[in-house]
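Protein sequence lines correspond, in order, to chains Z and P.
For the first sequence, my numbering assigns the number 13 to the initial residue and increments by one for each residue that follows.
For the second sequence, my numbering assigns the number 75 to the initial residue and increments by one for each residue that follows.
Using N, Cα and C, we set each Cβ at its ideal position, and we do this for glycine too.
Reviewing the structure listed below.
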Amino acid sequence: MKKQIIPGCVMLVLSLVISIGSFTFLSPCVHEDGSVGACWWAGRALLGLGCLLGVLAVLTLVSGRARFGTYLSSIAVCVLGILTPGTLINLCRMSSMHCRAVMQPAMIILFSISAIAAAIGAWVSRRDK
Amino acid sequence: MSKTMAGMSSLSVKNLKRKPGRTIALVLLTAFLALAVFGGSVVVLSLRNGLQSLEARLGADIILVPSEAQSKVSFQNMFLQGTTGAFYMDASVTEKALEVPGVEKAAPQVFLASLKADCCSIKIQVIGIDPEKDFTVQPWIARSLTGELGDLEVAVGCKVEADIGEIIRIYEQRCKVVARLEPTGTGLDTAVYCNMDTMNKLLAAAEAKGISHKITSNDDSVVSAVYIKVKDGYDIDTVNTALTGKLRKVTAVRTRSMITGVSDSLAGVSRTITTMVIVIWVLAFVILLLAYILIVRERSREFAVLRLLGASRKMLGRMALLESAACGLLGGILGVVAAAVGVFAFASLIENSLGLPYLMPAFFSVILLAAGTVLLSVAVSAAASAISAWRLSRVNPGTALREGN
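And the structure:
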């Protein structure tokens, strides 16, 4: 039981970092004139995906038999999170900009660790299905 | 013999698994060492590469700029951080400079800071070059572009995320990207390069938007900087003084003084990083040493039993060394991976924070450095455990077991 929920706890913590980070320290570029660029929408999408990952993480902690499937869905959300900044939604075109220098690499790393945690969770809870 | 070794290896692995807390602590400590060495070395190497690249890219001995340029923008920041700046002087400066004894080549450049481009929220520096006269940027462009830059064609620095064939709009002018330049680790990577005809069109478009580059009401033939190459055998300082004397309202900047300034800052940063890495290594080595000495007390009964079961002293010493080497290997790999993720993923952030030329080392150098760091971690881990391995191999079974009771 303990082994099966530890990956869920890791995912929950990471989803909080992703969600809070997407509008604070890992936010898209701050525009001086108040206008928004493509990277702003990427930031919104990442906030949504972070929240979704958080909900799935909570489900892995409380659900018994559905844990395996929830971990698998989390992997799909993480893949979407990795692809969102830069691939699915454009970012600014200067790699020194905040969205490319900070937001994109940090989000890719956070979602990748979450995906690994979800994969471990799916592996250890594969007999529960 | 090989059977005994295999048995010992398997026993060492079992020992590591049996005490996961102790193993994880030792692995993490070694990982911290590897992280500091690999991360620190990559940053220092990147700074050195950046300085070499800056020297290669500047290529000129002297740069002529309008006198007011120094007060408008830090010329050094334009090269290092890609700060935009636009200042103009009469184009005749190029011809006048060539008349000064000792001047071999004079290449004019025109700078234009774009408005907020449609791609991102910051201004982009547009640099117009004369391909026939240029000897600084043209060789760099030639590495990525076989032909010459045509009208409304641009070459972009590697940090401008635009694909070849893509259209970027500068002052509502549609410019086609024909080349992406190799990284230099300097502010030049954030600029867009075009020929003088394109630049004149962009200047006219900027004029239409109310951004004037004219220095007199009927003169639109301007340059921003003239790069000077001094003939061999001439003293650069003498030529510099002659240029300053001949050209009015023009400042002659020696590139060497700019590079020396950067080199001094870089030496300071490198020294700080190297000192930090050494301090971390010494501290971590002492902690590892203490940890292994404490382990001797904890494991003396275990080794006494192994002695009673027939294990030789040599075997026990080797087993203790094998365990520490395994921890070193795991920790080394973990530390190198963590440092690689940090320094490569956040390279732009590190570069922006340092404000110095920063160019990542080549792939082969990175692999060599990673392998060296892992080997060093194994060696240090084994060295730290050498004393405890020696003491454990000399455990007196009778005394150790009696003490336990």
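query                                                                                                                                                                                   : result
Quick check on P/Met434: buried or exposed, where buried means 16 or more other Cβ atoms within 10 Å of its Cβ?                                                                         : buried
Less than 8 Å between the CB atoms is what I'm expecting for Z/Met115 and Z/Pro40, so what's the real figure, rounded?                                                                  : 6 Å
Measuring straight from C-alpha to C-alpha, what distance separates P/Val117 and P/Ala280?                                                                                              : 40 Å
Across the segment 404 to 415 of chain P and the segment 105 to 121 of chain P, are there enough close Cβ pairs to call them in contact, namely three or more that are closer than 8 Å? : yes
Give the straight-line distance between the Cα atoms of Z/Ala118 and P/Val296, rounded to the nearest whole angstrom.                                                                   : 44 Å
Excluding the 5 residues preceding and the 5 following P/Asp293 in the sequence, name in chain order all residues of the same chain whose CB lies nearer than 8 Å to its CB.            : Bear in mind that a pLDDT of 47 at P/Asp293, under 50, signals an unreliable position, so the number given afterwards is only what the model happens to contain. Once the five neighbours on either side are set aside, the close Cβ partners of P/Asp293 are Asp164.
Of the residues P/Asn123, P/Ser86, P/Pro175, P/Ala457, which one's Cα is nearest the Cα of P/Leu306?                                                                                    : Looking at the sequence provided, one finds Asp at residue 306 of chain P rather than Leu. When only C-alpha atoms are compared, the closest one is P/Pro175.
In whole angstroms, what separates the C-alpha of P/Cys194 from that of P/Glu169?                                                                                                       : At P/Cys194 the pLDDT is 49, less than 50, meaning the model places this residue with poor confidence and gives no usable figure here.
Quick one: Cα of P/Gly261 to Cα of Z/Val70, how far?                                                                                                                                    : 46 Å
Starting from P/Val234, find everything on chain Z with Cβ-Cβ shorter than 9 Å and list it in chain order.                                                                              : Arg105, Met106, Ser107
Would you call P/Asp201 buried or exposed, if buried means 16 or more other Cβ atoms sit within 10 Å of its Cβ?                                                                         : According to the sequence displayed, residue 201 of chain P carries Ile and not Asp. Burial call: buried.
Using a beta-carbon distance below 8 Å, is P/Cys194 in contact with chain Z?                                                                                                            : Confidence at P/Cys194 is low in this model, with a pLDDT of 49, below 50, so its placement is unreliable and the value that follows should be read with caution. For P/Cys194, the answer is yes, since a Cβ of chain Z falls inside 8 Å of its Cβ.
Please report the straight-line C-alpha distance between Z/Met109 and Z/Ser75, rounded to a whole angstrom.                                                                             : 41 Å
Using a cut-off of 7 Å between C-beta atoms, extract the partners of P/Asn426 located in chain Z.                                                                                       : Ser108, Ala113
P/Leu423 touches chain Z at which residues, Cβ-Cβ below 7 Å?                                                                                                                            : Ala113, Val114
Please check if any C-beta of chain Z sits within less than 8 Å of the C-beta of P/Ala419.                                                                                              : yes
In whole angstroms, give me the CA-to-CA distance for P/Leu364 and Z/Arg112.                                                                                                            : 43 Å
Since P/Lys275 is in the alpha helix (DSSP H), which residue starts that stretch and which ends it?                                                                                     : 270 to 282
Z/Pro97: which of Z/Leu58, Z/Ala127, Z/Ala134, Z/Leu84 sits nearest, CA to CA?                                                                                                          : Z/Leu58
Could you compute how far the alpha carbon of P/Leu443 sits from the alpha carbon of P/Tyr245?                                                                                          : 46 Å
Tell me which same chain residues have a C-beta within less than 6 Å of the C-beta of P/Met270, skipping the five on either side of it?                                                 : Gly202, Asp204
If we call anything under 8 Å between Cβ atoms a contact, is P/Ala399 one with P/Leu466?                                                                                                : no
Candidates Z/Cys90, Z/Cys51, Z/His43: which alpha carbon is nearest Z/Leu103's?                                                                                                         : Z/Cys51
As a quick exercise: from P/Val252, P/Val230, P/Ala143, pick the residue whose alpha carbon is nearest that of P/Glu222.                                                                : P/Val252
Below 8 Å between beta carbons: does that hold for Z/Ala127 and Z/Phe80?                                                                                                                : no
Where does P/Ala378 fall in DSSP's three states?                                                                                                                                        : helix
Starting from the Cα of P/Gln212, find the closest Cα among P/Gly114, P/Cys268, P/Leu172 and give me that residue.                                                                      : P/Cys268
When you compare each of P/Ala326, P/Cys401, P/Phe420 to Z/Leu38 by their alpha carbons, which one comes out closest?                                                                   : P/Phe420
In chain Z, which residues lie less than 8 Å from P/Val415 when you measure between Cβ atoms?                                                                                           : Ile121
Cβ of Z/Pro117 less than 8 Å from any chain P Cβ?                                                                                                                                       : yes
So P/Tyr432 and P/Leu121 are supposed to be a Cβ contact under 8 Å. How far apart are they, rounded?                                                                                    : 6 Å
Output the boundary residues of the alpha helix (DSSP H) element that contains P/Pro213.                                                                                                : 212 to 216
Taking CB distances under 8 Å as the criterion, tell me whether P/Thr264 reaches chain Z.                                                                                               : yes
Who are P/Gly182's beta bridge partners in DSSP?                                                                                                                                        : A small correction: the amino acid at residue 182 of chain P is Pro; Gly does not occupy that position in the sequence shown. Bridge partners of P/Pro182: P/Val300.
Quick check on DSSP: helix, strand or coil for P/Ala187?                                                                                                                                : strand
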